[in-house]
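Residue numbers (mature numbering (1 follows the signal peptide of the UniProt record, and there is no 0)): -27 to -1, 1 to 251. Here a beta-carbon is modelled for each residue, glycine too, at the ideal position from N, C-alpha and C.
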Ligand SMILES: [Zn+2]
C-alpha cells in the first residue's frame, strides 16, 4: 500500500522519530539508507513480531538495498504498534528527532499486519512439507518490505513510473529478491500464498475492489508466480498446470521476467554504488 498523506499527524510518528534519533550514524556521516527498527507491540501481536524480529531477515533486505545503490537519505523502517497504518511508505512528513535530524519519510509495519501474515501462512502451509511456518512468514514479509522499499526508491529517485505504481513496487520486490541467492523465490511464492488467501472468493466484488490502486489479490498472486516461473522455467516448471499458472500465461513469463529486470537495471543504473564509493 502506498499513500502520499503529507499531513500525517506528527504526533503519530513522534515516538518513531525518537526511536530513530539513536540510529547509528555511518562513517563520515554518510546517509545510512534504510534502517530497520523494532518497537513496542501489543500482546496479541508479539508472537508474530518476535518471529520476524529474531529472524534478522528484514535488516538483511535493507542491507542488500543499502549495499547496491547509493541512497542519499536515512529512512526508518519501523516495525511496531506505534503507528496503526501499514504496511505503508509515508512521505511528506516533518519530524525532528532528538538529535535534530529531520525525518521526512518512513516505512511502517504495524503488528496486526504481521499477525495476519502469520495466520495466512499457517493456513496455506497446512500439510505442505519442507517449509516451516516461520520461514514462510518471514519470506512473505521480506517480499512486502521490498515492495515498500520499491515505493520509497521510486519516490526518492524520482523514477519514471509507466503503469500502476503498485505493480511497479511488486516488480521491484521480485527483481530484488527472487533470483538473489541471499533471498530466493520463496519470498515471492510465500507472498503469492498469502495473497491467494486474501483473495475475495467468498464475497461479491464491490466498487471499492475495482477502484483500488492495487491489482486484485489473485492477479498479484499469478503475477508473482509468473515472475518466479519466468526466472527459471526449467526449475519451476511444476508451477505450471491445472492447479497453478495456466499454460497460456506461462508462455509469456520468461519475457516478462527479462523485461522487468531490464527495466529496473536501467532506471537504477545511475544510482548503483561504485566500489570506490562503498
Ligand atoms: Zn504498495
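- The beta carbon of residue 244 sits no closer than 7 Å to any heavy atom of ligand 1.
- The Cβ atoms of residue 120 and residue 138 lie no closer than 8 Å to each other.
- Separation of residue 177 and residue 235 (C-alpha to C-alpha, rounded to the nearest whole angstrom) is 38 Å.
- Taking the C-beta atoms as reference points, residue 95 is found no nearer than 8 Å to residue 111.
- Residue 86 has its alpha-carbon roughly 13 Å from the corresponding atom of residue 55.
- Secondary structure of residue 6 (DSSP, three-state): strand.
- DSSP, read as helix, strand or coil, puts residue 87 in helix.
- At the C-beta level, residue 132 and residue 240 come within 8 Å of one another.
- Note: residue 245 is bridge-paired with 42 in the DSSP secondary-structure output.
- Contact annotation: residue 164 and residue 84 have beta-carbon atoms that are not nearer than 8 Å.
- Within the model, the alpha-carbon separation for residue 37 versus residue 144 is close to 16 Å.
- Counting the other Cβ atoms within 10 Å of the Cβ of residue 245 gives fewer than 16, which makes it exposed.
- In this model, residue 7 and residue 39 are separated by some 7 Å (Cα to Cα).
- Counting along the chain, the unbroken alpha helix (DSSP H) around residue 160 starts and ends at 159 to 171.
- Taken through DSSP and simplified to helix, strand or coil, residue 207 comes out as coil.
- It is roughly 17 Å from the alpha-carbon of residue 76 to the alpha-carbon of residue 82.
- Here residue 162 has 112, 197, 198, 201 as same chain residues with Cβ atoms under 8 Å from its own Cβ, once five neighbours each way along the sequence are excluded.
- Across the structure, residue 12 and residue 19 are spaced so that their CA atoms are roughly 11 Å apart.
- Nearest to residue 64 by alpha-carbon distance, out of 72, 47, 73, 71, is 47.
- Take the alpha-carbon of residue 194 and the one of residue 209: they are about 15 Å apart.
- Within the model, the alpha-carbon separation for residue 220 versus residue 4 is close to 46 Å.
- The criterion of a C-beta distance shorter than 8 Å is not satisfied by residue 30 and residue 88.
- Taking a 10 Å sphere around the C-beta of residue 160, we find 16 or more other C-beta atoms and assign the residue as buried.
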